[in-house]
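S.K.: Sequences listed follow chains A, B, C and D, in order.
The numbering used here applies: residue 383 is where the first sequence begins, and numbers increase by one.
The numbering used here applies: residue 172 is where the second sequence begins, and numbers increase by one.
The numbering used here applies: residue -12 is where the third sequence begins, and numbers increase by one.
The numbering used here applies: residue 3 is where the fourth sequence begins, and numbers increase by one.
For each residue, glycine too, the CB sits at the ideal point set by N, CA and C.
This is the structure I have questions about; it appears just below.
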Amino acid sequence: MIDNIIHAAIVMTTPLLLAALGGLINRVGGIVNIGLDSMMLAGALVGLIVASESGNWMAALVGAAAIGALLGLLMSLAVTRLEANEIIVGLGFNIAVAGLVRFFLKSAYGTSGTLNLPDVARLPEIVIPGVADVPILGALLSGHDPLTWAAWIMVPATAWFLRRVRLGLRLRAAGAAPQAARALGLAPLNLRDASTVFAGAMSGLAGVYLSIGVVGIFNEGITAGRGFIALAAFYFGRNHPWPTALGALLFGFFDAFQIRMQGRGVPAELVQILPYAMVIVVLTVMGITMRRSRARGRS
Amino acid sequence: MARSLAGALLPLLIAVLVAAVILALAGHNPFDVYRLLAIESFGGVKRVAATLAAATPLILTGLATAVAFRAGAFNVGVEGCVFVGGLAAAYVGFTFVGLPAAVLVPFALAASVVIGALWMLLPGVLKARLDVDEVVTTLMLNFIAISLTAYLVNGPLLAPGSANSATPMVDAAARLPKLMPPSTLNAGFLIAIALLVLYWLWDRSTASGFETRIAGLNARFAIASGIDVPMLIIKMMLLSGAIGGIAGGIHALGTVGRFVSGFSPGYGFTGIAVALLGRGSAVGILLAAILFGALATSGATIQLFSDVPIEIVNVLQGMVMIFAVARFGWIFARRRRAA
Amino acid sequence: QDKRAALIVAQGGLGDQSYNDLANSGFQRAIEETGIEGRAVESDDVVAQAAEILRRASDAGFGLIVDLEYSHGEPMVEVAPDYPDTDFVILNQVREGDNIASVLFQEQEGSYLAGTLAALVTTDDSIKGINPEPIIGVIGGTKSAGIDKFIAGYIEGAKAANPDVEVKVAYSNNFGDPSIGLQMAKAMFEEGADIVYQVAGGTGMGVIQAAKEEGHYAIGVDTDQDGIAPGAVLASMIKRTDVAVEEVVKGYAKGEFPGGETITFGLKENGVGLSEMKHTKDLIPAEILEKVEQAKQDILSGKVKVWNVVDQGYPDYLK
Amino acid sequence: MSVERKAAASTSRLGARGVTRRFGPVVANDGIDFDARRGTVHAIVGGNGAGKSTLMRILQGLDRPDEGSVVVDGQPVTFAGPADAFDHGIGMVHQEFMLVPGLTLLENLVLSHEPTNRLGRIDRKKALRAARELEREAGVELDWNIPVDKAPVHVRQIVEILRLLYRGADVLILDEPTAVLAPAQVRELVSLLRKLRDEGRTIIFISHKLDEVMDVADDITVIRNGRKVASLPSSEASKEILAEMMIGEVLAPPKARDSKAGPAVLEIKGLAALDPAGNQRLHELDLAVHAGEIVGIAGVAGNGQDELALAITGLGEVSAGTISLGGSDVTRLSLAERRKRGFSYLSPDRAAEGLCLVAPIRENAIAGHHRWPEFCGSGVLKRKAIARHVDDLLDRYNVKRGSSDLPAGSLSGGNQQRVAVARELDGDPKFLLACQPTRGVDIHGIAFIHQCLLDFRDRGGAILVISEELEELIALSDRIVVLYGGRRSGEVARSSAGIEQIGRLMLGSTA
Ligand SMILES: Nc1ncnc2c1ncn2[C@@H]1O[C@H](COP(=O)(O)OP(=O)(O)OP(=O)(O)O)[C@@H](O)[C@H]1O
Ligand SMILES: Nc1ncnc2c1ncn2[C@@H]1O[C@H](COP(=O)(O)OP(=O)(O)OP(=O)(O)O)[C@@H](O)[C@H]1O
Ligand SMILES: [Mg+2]
Ligand SMILES: [Mg+2]
């Protein structure tokens, strides 16, 4: 039971974590990306098609990341070069891409909603011999796919990138003080574009994880608003990779948990409220402790 | 003058062009589609009425969002207020059967206002007192509102004999009067316009509107000027919630006649776009709401006359949002500098 | 022919892999065969635009309007009298009116058979992928009376076949999220279930996928989903919305319309029932299939009356 | 004219030829020529809005001239951007700080020229070594690992200059670097600049403070209304000559007046206050300001002035003691409540707190007073009355503006400050807390604002002035209280106020 919850929680966390880390980098670079969901959706679709055509999951990842990156670039250009409001552009991308995906399915495949293709290459599972059968540890470490591993490796990598790498430092500068960055001869707008392209690529991977990692089909509702949950995760983490990962894990865990809570006397809808309520509770507690610690510093 | 008009129309033009390319690629004649869209949204009194009816909830959610933005609170939780407000109004409307319309309608709307405002109390207080980010809390509250109302409408408030999650129909006395029968355009539209006018007056000529604007533009300055900004944020979040609630109430009493699953197709989120597109001004909100209302109505009915998939409306809507907030000035500016 | 028919698509839109798609396929078949003009109308705001769409279609000269959206019942009653020359059809509910025909499905009857089948199979561990525990599951797309009508019938059928059987019930709250469907089904399999019935549209694709991955079984819904994952879908509870729509449209083309009547599609009318189990019937012992057939006869003869949540409210076993 | 020829005779490192830059109808730079000679400090002086910053931005490649060109080593060049200018050895410290909040001092130092290994990883050891070397060169010591937001102003200033050196600039453009520094820090900066010049670097230095200019500059260029008035060696200049060139007239300093101090309006007893991080920065302070009196607070920045101001406004945290206004205790009251009791506050941070730059000038001039009965009846603003009142008020304060409907950000810095002063003195409050009342304002504006404060005092107002400009304190105050380490280190009466004595008190020796 515990093992299964852990395993399911990790599975449900992966897409959130991928998109949240992308969104985090984007926000550090100065753009709040509301359009993550659209990039996930496109990644899920393109990834599935590539996985079916090529039979190669790595090609599918590349395809999904590429389409996400392309959408990210378009969105970023609208924000940085056309000076459009990032929130509206993000909402606009969500609406327009959802429409385009349906439009594309109808025009190209004569189907709507779901795309079920033959010979879809799925993500392989990495079973670690010896560890696999150890309780808890096995569920934590074994039987996950490469993308899940990549997502978790990205957490310290992102932290390291932002603190220690030249590009990370410049990105922080571009986000926090674009004028200053410009005066130093950096190109804050280009950096911003790069961060949105990255967010798009990560969201594309998050999407393809859902389509070829989890189920092997595409459905127009496959993201189920996970782009917004990812947004909540990096807001929750206040742009720090580890707390953001914790936020994503919290959502993933509750997703896995609520599935198993159902049928135990609690109405399904109320169980589904839990993760969202938890975020509010945690933020409130954090707010109160921060206020306390300030007050303690005083006395 | 000519320039500003061009500035307003250019984005629409670009959106229309992009969508036209997509249409043409898919083998549709863009001109026919656009002609149909225009006819179906503004061609005749009935169609205009349908457009205005569709615009009504968007005016209100746009206004609700704008009110919070004014005070510097990025409230994305109006969608949740529409849900709880709609359910509250419907509950009053089908429970207190027998009251005269003059009592029942205000009672039901008041319920939606109170619930909507209360729904925004927590994020308002958390932002004002503990500096908790309102974007996250209000976004979370949307999901909570949707699940909570779904629970209520499937269980305690489910209409007997209904195969769908729906409350019973509200009493006839609770329905808002229609303005142009048989169109669904109803008194809710007048309420929305009245609130818009009040907003315009409030923003323009009241001390509180002034304080709110200043607080939204520069909170430190407002505080130094002696304005209680945290309290103001709480008040404006409550007001935003109240307007979001009444959007739901009006939708329940005026259009749908009950609370039912699929009650709001995202009015709250479209409202964010309406508020931002309308630049927070009363007239801007009205025009933006009518634009989105027109796309919603005509998008559905053009399918009766053309094979064009409804998705083209989503594409158009998305493109309009993206380009309407874009500034094209830099293109001209750069040309000048280069010269 | 200048006859025109409109199909108003319900919430969720086309592509839901169930109700809307199925009805639309019947609609398309009928207009192709009869040659009349037909249009399917989707809307992002279908609930609020009920009356506007119904009136617009009537004004535009559509003689037949088939409405799939449940919340359009009341608006239709309001609109129909203004358009006596238009024929209206509403599904899943009964509405009064000379020019309104109502179509009802007895999904609970077909679901009863699915429950019977699942309860009998789940303890027969001679079948590959079946464990001896009497545990089965069902996943609904949302908690609502329309979905619980399926679920209650399923439970009733299961309990009738084996009173000791435990039926796990869960809702995905989403008709288009296959990954949550997959996770939910896996959770049920972990807890000992080996057969899960899905009543969740696109989410159900994930349930079938989970059955395939875990080597257990899913039961499909609405269409014959046995072929989606041959061998992993035990059976499908078919609901012939397509047939219903097709017949109505064809009748309209011929100038017939059952105005004011209620057409019921139950087991008897062959409007609901189990698929032919092309890929699985050889796995299942003949005696089980016979018992299922017996249950069907009991319903047809009226010996068994299956609980209908919509008409009767919730039974004790599904509060 | 002979002066100019002489200046041009030495080798020019950086200069301008006929540089013109227009912003709509405003001609910010109008055919400006000048040359900064290699190895000299070249000061640019001019009133507010004269066009100094615009010219500097052009020299640094941030902006481009509409006409004319920048010359480097005598050759006309067109910079593609600041990076390009840097490649020519030209760097600038802007009027507004250009450090990135959230980054440490070290990160800010190396930003855009980070020492890295092959993978793009920043080599922190190398960076720190470079930082230490620069420290030694400049004769300062810094904690490089604190975030820039926690560093005091003068440290940030030094980091900005070191950053230019780090990047190998040999032409340093400094736009009003001393505006926010205390006298001791200014001296430190000036000696640093001298040192850098003696090592052969070229420095272009903008300031409104003619003393400093005379002190440090080799050459001086005066700009007025976008045009160059003159370039001359400092040996041929004097404060009076420069002032005349800048504004076309010589200002008489405000005349001293006897104070007729009345009853105490502001009374502070045993005050202890905390900074936003919760550290106690003010200890057991007693202070009174009487009607018809100006009291000045002097001190090196960071000795409790900020906390005192915050405590008096009610925006900060008071841990002990009382503050009373007009006899009633206001220690626990909000700023709004204090304002209702006749309190008035001129913020030191004009752009962020003193004004709302994106709001119309009119709204800036009325904010806080908008609920007065003459402007507001039952919550509705009397727009006509407000417009009339504001236009009259701003005319009285000589605010140069297009229309009062334009955003306050469209005003020059000096005029912005006039708006703030006008608002705070409007309606004759009982007490005014004036923090850095003339920061970044030109001579003309300073004189005007000082006169306004003195007039207010003569009408019986009480003023507490907190300023980093000693001359300003001496010109205005009847008494000057000096803070050191959060405690009162002494008090000097106007009649006996001397810079030396105050300077000693500021450094902690008790009188
Ligand atoms: N963004 C702008 N748009 C239009 N005009 C502006 C803008 N910014 C400044 N101005 C105009 O520039 C003039 C001077 O502004 P500026 O801020 O450069 O003054 P300044 O010389 O820096 O003053 P100070 O020394 O007080 O800071 C003002 O008259 C103002 O009208
Ligand atoms: N971006 C801008 N847009 C419009 N006008 C501008 C802009 N920047 C500067 N100006 C105008 O150019 C003129 C010169 O401004 P500049 O900032 O160069 O003055 P300054 O001499 O630096 O003044 P200060 O001493 O106050 O810093 C001002 O009148 C200002 O209005
Ligand atoms: Mg079993
Ligand atoms: Mg300047």
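How long is the line joining the alpha carbons of D/R15 and D/Y168, rounded to whole angstroms?
M.R.: Taking the straight line joining both Cα atoms gives about 20 Å.
S.K.: Is there a C-beta anywhere in chain B that falls below 8 Å from the one on A/V590?
M.R.: No, A/V590 does not count as interfacial toward chain B.
S.K.: Given a cut-off of 8 Å on the beta-carbon distance, is the pair C/S89 and C/Q80 in contact?
M.R.: Taking 8 Å as the Cβ cut-off, C/S89 and C/Q80 qualify as a contacting pair.
S.K.: Go ahead and label D/F25 buried or exposed: buried means 16 or more other beta carbons lie within 10 angstroms of its beta carbon, across all protein chains shown.
M.R.: Exposed: under 16 other Cβ atoms inside 10 Å.
S.K.: Beta strand (DSSP E) containing D/C454: first to last residue?
M.R.: Segment I445 to D460 is the alpha helix (DSSP H) holding D/C454; no beta strand (DSSP E) there.
S.K.: Please state whether DSSP places D/E116 in a helix, a strand or coil.
M.R.: Looking at D/E116 - three-state DSSP - the assignment turns out to be coil, as it is neither helix nor strand.
S.K.: Let me know the alpha helix (DSSP H) ranges lying completely inside the segment 345 to 430 of chain B, each 4 residues or longer, listed in chain order.
M.R.: List check, alpha helix (DSSP H) in window: 358 to 376, 378 to 388, 390 to 395 and 400 to 421.
S.K.: Residues in the same chain with beta-carbon distance under 8 Å from A/W531, minus the five sequence neighbours each way, listed in chain order, please.
M.R.: Hits under 8 Å: I508.
S.K.: Output yes or no for whether 8 Å exceeds the beta carbon distance between A/A442 and A/V597.
M.R.: No, they are not a contact pair.
S.K.: Using a C-beta to C-beta distance shorter than 9 Å, which residues of chain B count as neighbours of C/T129?
M.R.: Near C/T129 (Cβ distances below 9 Å), the residues of chain B are A321, N325, S336 and S432.
S.K.: Rounded to the nearest angstrom, what separates B/V368 and B/A453 at their Cα positions?
M.R.: Cα to Cα, the separation comes out at about 7 Å.
S.K.: Which value, in whole angstroms, describes the spacing of the CA atoms of C/S98 and A/G437?
M.R.: Taking the straight line from one Cα to the other gives about 38 Å.
S.K.: For B/G359, verify whether its CB is less than 7 Å away from any heavy atom of ligand 5.
M.R.: This structure lacks ligand 5; the ligands present are ligand 1, ligand 2, ligand 3 and ligand 4.
S.K.: Can you find a C-beta in chain B that's less than 8 Å from the C-beta of D/Y347?
M.R.: Yes, its Cβ sits closer than 8 Å to a Cβ of chain B.
S.K.: Let me know the beta strand (DSSP E) ranges lying completely inside the segment 191 to 272 of chain C, each 3 residues or longer, listed in chain order.
M.R.: Counting whole runs of 3 or more residues, the segment 191 to 272 of chain C contains the beta strand (DSSP E) stretches 204 to 209, 220 to 226, 249 to 252 and 259 to 261.
S.K.: Which of the three DSSP states is assigned to D/C378 in this structure?
M.R.: Strand, per DSSP.
S.K.: Under a three-way DSSP split, which group does D/N233 fall into?
M.R.: One point to set straight first is that residue 233 of chain D is Ser, not Asn, in the sequence displayed. Note: D/S233 maps to strand in three-state DSSP.
S.K.: For D/N305, tell me which candidate among D/A18, D/G49 and D/V483 has the shortest Cα-Cα distance.
M.R.: Selected option, being the one with the closest Cα: D/V483.
S.K.: Which residues mark the beginning and the end of the beta strand (DSSP E) in which D/K271 is found?
M.R.: A266 to L276 is the extent of the beta strand (DSSP E) around D/K271.
S.K.: Looking at chain A, is there any beta carbon in it that lies within less than 8 Å of the beta carbon of B/V249?
M.R.: Chain A, which has no Cβ nearer than 8 Å to the Cβ of B/V249, makes this no.
S.K.: How big is the Cα-Cα spacing for C/G218 and A/T395?
M.R.: Taking the straight line joining both Cα atoms gives about 31 Å.
S.K.: Short of 8 Å Cβ to Cβ, which residues in the segment 368 to 388 of chain D face chain B?
M.R.: Of all residues in the segment 368 to 388 of chain D, A369, G370, H372, R373, C378, G381, V382, L383 and R385 have a Cβ within less than 8 Å of some Cβ in chain B.
S.K.: Could you tell me which residues DSSP pairs with C/S89 in its beta bridges?
M.R.: Per DSSP, C/I77 and C/T249.
S.K.: Are the C-beta of D/C437 and some C-beta of chain B separated by less than 8 Å?
M.R.: D/C437 does not count as touching chain B.
S.K.: DSSP three-state call for C/K155: helix, strand or coil?
M.R.: Note: C/K155 maps to strand in three-state DSSP.
S.K.: For the segment 224 to 247 of chain C, enumerate the residues whose C-beta is nearer than 8 Å to any C-beta of chain A, in chain order.
M.R.: Of all residues in the segment 224 to 247 of chain C, none has a Cβ within less than 8 Å of some Cβ in chain A.
S.K.: Please state whether DSSP places B/V255 in a helix, a strand or coil.
M.R.: Correct three-state label for B/V255: helix.
S.K.: Checking 8 Å against the spacing of the C-beta atoms, do A/L685 and A/L587 come in under that value?
M.R.: Past the boundaries of the shown model lies residue 685 of chain A; chain A is included only from 383 to 681, so the question cannot be answered.
S.K.: Return helix, strand or coil for D/L183, following the three-state DSSP convention.
M.R.: D/L183 falls in the coil class under three-state DSSP.
S.K.: Among residues of its own chain, excluding the 5 on either side of D/L164, which ones have a beta-carbon nearer than 7 Å to its beta-carbon?
M.R.: Same-chain partners within the cutoff: L111, L136 and A140.
S.K.: Roughly how many whole angstroms lie between the Cα atoms of B/P427 and C/V34?
M.R.: The question names Pro, but residue 427 of chain B in the sequence shown is Val. Using only the alpha carbons, I get a separation of about 7 Å.
S.K.: Is DSSP giving C/R(-9) helix, strand or coil here?
M.R.: Looking at C/R(-9) - three-state DSSP - the assignment turns out to be strand.
S.K.: Would A/G667 be called buried (16 or more neighbouring beta carbons within 10 Å of its own) or exposed?
M.R.: A small correction: the amino acid at residue 667 of chain A is Val; Gly does not occupy that position in the sequence shown. By the neighbour-count rule (16 or more Cβ atoms within 10 Å), A/V667 is not buried but exposed.
S.K.: Enumerated in chain order, which unbroken segments of the alpha helix (DSSP H) with a length of 4 residues or greater are wholly contained in the segment 292 to 325 of chain D?
M.R.: If we require 4 residues or more, the alpha helix (DSSP H) runs fully inside the segment 292 to 325 of chain D come out as 307 to 315.
S.K.: Would you check if the distance between the CB atom of C/I117 and the CB atom of C/V125 is smaller than 8 Å?
M.R.: It is not a contact, given that the beta carbons lie outside the stated cut-off.
S.K.: Could you tell me whether the segment 471 to 479 of chain A touches the segment 411 to 420 of chain A, where touching means 3 or more Cβ pairs closer than 8 Å?
M.R.: The segment 471 to 479 of chain A vs the segment 411 to 420 of chain A: in contact.
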